[in-house]
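Novice:
Protein chains in written order, with the working numbering: chain A, 1 to 413; chain B, 1001 to 1413.
(1) List the whole-angstrom C-beta distance separating residue 1329/B from residue 124/A, where the pair is believed to meet the contact cut-off of C-beta under 8 Å.
(2) Taking 8 Å as the CB-CB cut-off, is residue 1125/B touching chain A?
(3) Counting only Cβ pairs nearer than 8 Å, list the residues of chain A close to residue 1352/B.
(4) Per the contact definition of three or more C-beta pairs closer than 8 Å, is the region 237-249 of chain A in contact with the region 39-53 of chain A?
(5) Excluding the 5 residues preceding and the 5 following residue 420/A in the sequence, name in chain order all residues of the same chain whose CB lies nearer than 6 Å to its CB.
(6) To the nearest angstrom, how far is the alpha carbon of residue 1281/B from that of residue 1308/B?
(7) Using a Cβ-Cβ distance under 8 Å, would residue 57/A count as near chain B?
(8) State the CB to CB distance for the pair residue 960/B and residue 1078/B, rounded to an integer number of angstroms; the pair is presumed to be in contact (CB under 8 Å).
(9) Taking 8 Å as the threshold, find out whether the region 214-228 of chain A comes into contact with the region 85-96 of chain A through three or more Cβ pairs.
(10) Give me the residue from 387/A, 249/A, 111/A with the minimum Cα distance to residue 304/A.
(11) Using 8 Å as the threshold, is the C-beta distance between residue 1226/B and residue 1203/B below it?
(12) Using a Cβ-Cβ cut-off of less than 7 Å, give me the residues of the region 351-374 of chain A that come near chain B, in sequence order.
(13) If you measure from the beta carbon of residue 396/A to each beta carbon in chain B, is any gap under 8 Å?
(14) In chain order, what residues of the same chain lie with their CB nearer than 6 Å to the CB of residue 316/A, ignoring the 5 residues before and after it?
(15) If the criterion is Cβ atoms closer than 8 Å, does the pair residue 1322/B and residue 405/A meet it?
(16) Curious, which full-length alpha helix (DSSP H) runs of at least 4 residues does the region 1094-1174 of chain B contain?
(17) Between residue 1393/B and the rest of its own chain, which residues show a CB-CB distance below 7 Å, the 5 nearest in sequence each way excluded?
(18) Would you mind stating whether residue 1409/B and residue 145/A have Cβ atoms separated by less than 8 Å?
(19) In whole angstroms, what separates the C-alpha of residue 1069/B from that of residue 1185/B?
(20) Please list, in chain order, the residues of the region 139-165 of chain A that have any C-beta partner in chain B closer than 8 Å.
(21) With 16 as the cutoff for other CB atoms within 10 Å, does residue 1061/B come out buried or exposed?
(22) So which residues on chain A does residue 1091/B lean against when the C-beta distance must stay under 7 Å?
(23) Quick one: which chain A residues come within Cβ less than 9 Å of residue 1409/B?
(24) Which class does residue 340/A belong to by DSSP, given the choice of helix, strand or coil?
(25) To which residues of the same chain is residue 1082/B closer than 6 Å at the C-beta, ignoring the five residues directly before and after it?
(26) What distance in whole Å lies between the Cβ atoms of residue 312/A and residue 395/A, which are believed to be in contact at a cut-off of 8 Å?
(27) Would residue 210/A pass as an interface residue toward chain B - the criterion being a Cβ-Cβ separation below 8 Å?
(28) Across which residues does DSSP place residue 20/A in a beta bridge pair?
(29) Listed in chain order, which residues of the region 1111-1136 of chain B have Cβ atoms closer than 9 Å to some Cβ of chain A?
(30) Would you call residue 46/A buried or exposed, if buried means 16 or more other Cβ atoms sit within 10 Å of its Cβ?
(31) Reducing DSSP to helix, strand and coil, say where residue 288/A ends up.
(32) Using a threshold of 8 Å, state whether the C-beta atoms of residue 118/A and residue 165/A are closer than that.
(33) In angstroms with no decimal places, state the Cα-to-Cα distance between residue 1236/B and residue 1086/B.
(34) Leaving out five residues before and five after residue 132/A in sequence, what residues of the same chain have Cβ atoms less than 8 Å from its Cβ?
(35) Any beta carbon from chain B within less than 8 Å of residue 16/A's own beta carbon?
(36) Taking only beta-carbon atoms, is residue 1333/B less than 8 Å away from chain A?
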């Protein structure tokens, strides 16, 4: 955890309501440091439906492997999250550690090992001593409480400077349901998945297949549209749980993601996912500015997204933003290097509302003063219109500062 | 130009011999600053054969367009290079500027406009006032001299901290020929092309088509294998000229790149290109350490190169190197995010001669002390064996330091 809170942190946190069917507790298991909260247990006293999205890394962590293997059952009773050690690239020891952790959790909670989900963040390559969980999970299960979301968000922080929480409500068939979510992530953030852990739960009664469809669709314009440093973690995990407790209020279980009754829920879920994803970017390591990059007029939406990510991941664009330098030439560079179709002479670029380039050259009305005023803001919007088609995409990133280098040049010690 | 010379700079410069058929001069044309050398003229009093390789940016600069259009003639009489303004993304004004510059050069040198080559670096998007060249090129043509290579290299520097020169000799059919080259580049450096300008000349007598084949082949393991920041310039230009003056010593003109007489020349050229490319990396903006990344055991050479570039472009790997942190977990991360086939449990990683990971986990003999000793060196070698096939590749990069952020957060001012 960093000493200084990101200047982009939210000014206040929402009150996180209790969500029926979920209890949580944290503990200090001494994974890496003594007397530091480093384990979170989420308990569903009755089985919850579960959906998940994970890193696309070819070298995923052992917990990611473990979750992927359990996901087809669609049932969850417990989630164990630890910081301090990612249990990634730990070979057969890594699998032994996930098995032991799941065994400890299943003993503590009284469920099957295939109803346990695991997530770990921290250093890659260090063996995780999973025996440490056995001593704490039983007590945690006893003391777990529903009014614990902000504490849970704090417990999973690593280089984060603030906890990330969000809550929404929606109606399904006239019954009000709640969605709560927490996330962590600050570096090693790039799409597919945006590197982080996030756990979202709802009391809605939704079948696992429908839940998975909602989640897979929802990550596209949210977690898969944010990047801090283009580096993809081995551990990215986003899990969505539905406890089904709203059935007590008369909500009829939804079996299909295509059910029109889900429209409000889908919108609320997507909004919550975007909220959490942007909180992750706003806590990007060393970030001083938030950057929204929108590309329009590309050949396709996919092309627009690749161009937008080329801009958002460019060290030269990000350092220019850090320096409050309206260096739109670097945006041209990033469009040009994306590999997507672009025609220099149709390209137009805006910083905020100020059009700086059009028809392949500097805007005739270009004002250095106006663009500099945009760059001095905390939230910067960059837009590039490619002028070739109707593809659009928006992604979010932060600036690249000396603090990012400082944080990551000395992370392990 | 930076106040401090890169710690990775060569300790001495080679004596650059005069190369028959090439004369050079520099001048201060006031492109961006007054009284600063900012124009280089290279003159071939008799037409030289020419070959070129350029940026793959979809938004290339006007000079790149101009050179590409002239290249099919295969003949060069003059090269005009300026710093201070890239003449990129300057629309119709950009084309007018290249035409005017070429007109001034053809008047000064007495050649066709299609025998002129142009290259510009500096800020993107600012109109270039090409009328400034007309006043200086005539005098430059008069005063141009052959003993000027180091001065020429100095004249094309922008954020470079030292001039980049290299020279080699080779024999073709028993006749000794010389190859001289200069380069500039420090940031916005990524393959295809590694962002920079480089001008190489030989007195060998080689036909344009053969010259082009040699150059296209030679850039793969040299300029197209270096990266400073993954950002691809709009202006990358590498030109190779053959004056043919060695014909006076009896060298018979070589018409085909397949001619076995070229084997020594090819080796010398490739060695010179690699020398210049590595000098560019060693002057990477803010660089304190040079990093060689070798990938072996990949599915193919192309896959190996993509994995190597994923490692070399990772901000987290590069900041770890800056912090002298043997954080090999980030190398695992970079292998995993490359998108290429990889099997966690077959992966092995070395820092220098120290194997840090094998069989999907930390090396049983891992020594933090030994790896830290490697990281404290100025030149770091990282090797990853994927364990799947026979594909290999080597690329070069530098560390990512606070100085990179400082240089690029305030470049335009």
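We treat Cβ as the ideally placed atom computed from N, Cα and C, and that holds for glycine.
Just so it is clear, the structure is predicted and the values come from calculations on it, not from any experiment.
Specialist: In terms of the structure at hand:
(1) Between residue 124/A and residue 1329/B the Cβ distance is about 3 Å, and since that is below 8 Å, they are a contact.
(2) Residue contact check for residue 1125/B against chain A: a CB pair falls below 8 Å.
(3) Near residue 1352/B there are no residues of chain A at all, since even the closest Cβ is about 17 Å away, more than 8 Å.
(4) The region 39-53 of chain A, when compared against the region 237-249 of chain A, does touch it at the 8 Å Cβ threshold.
(5) Because chain A spans 1 through 413 in this model, residue 420/A falls outside it and cannot be assessed.
(6) Straight-line measurement puts the Cα of residue 1308/B at about 15 Å from the Cα of residue 1281/B.
(7) Output row for residue 57/A: interface = yes.
(8) This structure cannot settle anything about residue 960/B, because the visible part of chain B is limited to 1001 through 1413.
(9) No, because fewer than three Cβ pairs between the region 214-228 of chain A and the region 85-96 of chain A fall closer than 8 Å, the two stretches do not touch.
(10) Comparing Cα positions, the closest option is 387/A.
(11) No. Outside cutoff.
(12) When CB distances to chain B are screened at a threshold of 7 Å, the residues of the region 351-374 of chain A falling below it are 357, 359, 360, 361, 362, in chain order.
(13) Not closer than 8 Å to any Cβ of chain B, the Cβ of residue 396/A fails to qualify, so no.
(14) Once the five neighbours on either side are set aside, the close Cβ partners of residue 316/A are 330.
(15) In contact: residue 1322/B and residue 405/A (Cβ atoms closer than 8 Å).
(16) Here the runs fully enclosed are 1131-1143, 1149-1155.
(17) Within the same chain, residue 1393/B has close Cβ partners 1295, 1301, 1304, 1305, 1308.
(18) Taking 8 Å as the Cβ cut-off, residue 1409/B and residue 145/A do not qualify as a contacting pair.
(19) In a straight line, the C-alpha of residue 1069/B is about 24 Å away from that of residue 1185/B.
(20) For the region 139-165 of chain A, the set of residues with a beta-carbon nearer than 8 Å to any beta-carbon of chain B is empty.
(21) Classification for residue 1061/B: buried.
(22) Residues of chain A passing the Cβ test: 345, 359, 360, 361.
(23) Per Cβ cutoff of 9 Å: 319, 320, 321, 322, 323, 324, 325, 399, 400, 401, 402.
(24) Coil at residue 340/A, not helix or strand.
(25) Closer than 6 Å at Cβ, skipping near neighbours: 1031, 1038, 1039, 1120.
(26) Yes, residue 395/A and residue 312/A are in contact; Cβ-Cβ is about 5 Å, under 8 Å.
(27) At a cut-off of 8 Å between C-beta atoms, residue 210/A does not count as an interface residue with respect to chain B.
(28) None; residue 20/A has no bridge partner.
(29) Taking 9 Å as the Cβ-Cβ cut-off against chain A, the residues of the region 1111-1136 of chain B that qualify are 1123, 1124, 1125, 1126, 1127.
(30) Flag for residue 46/A reads exposed.
(31) In the structure shown, residue 288/A falls within a coil segment according to DSSP collapsed to helix, strand and coil.
(32) Pairing residue 118/A with residue 165/A gives a Cβ-Cβ distance that is not under 8 Å.
(33) For residue 1236/B and residue 1086/B, the distance between alpha carbons rounds to 10 Å.
(34) The answer, listed in chain order, is 29, 30, 31.
(35) False, the Cβ-Cβ gap to chain B never drops below 8 Å.
(36) Residue 1333/B counts as touching chain A.
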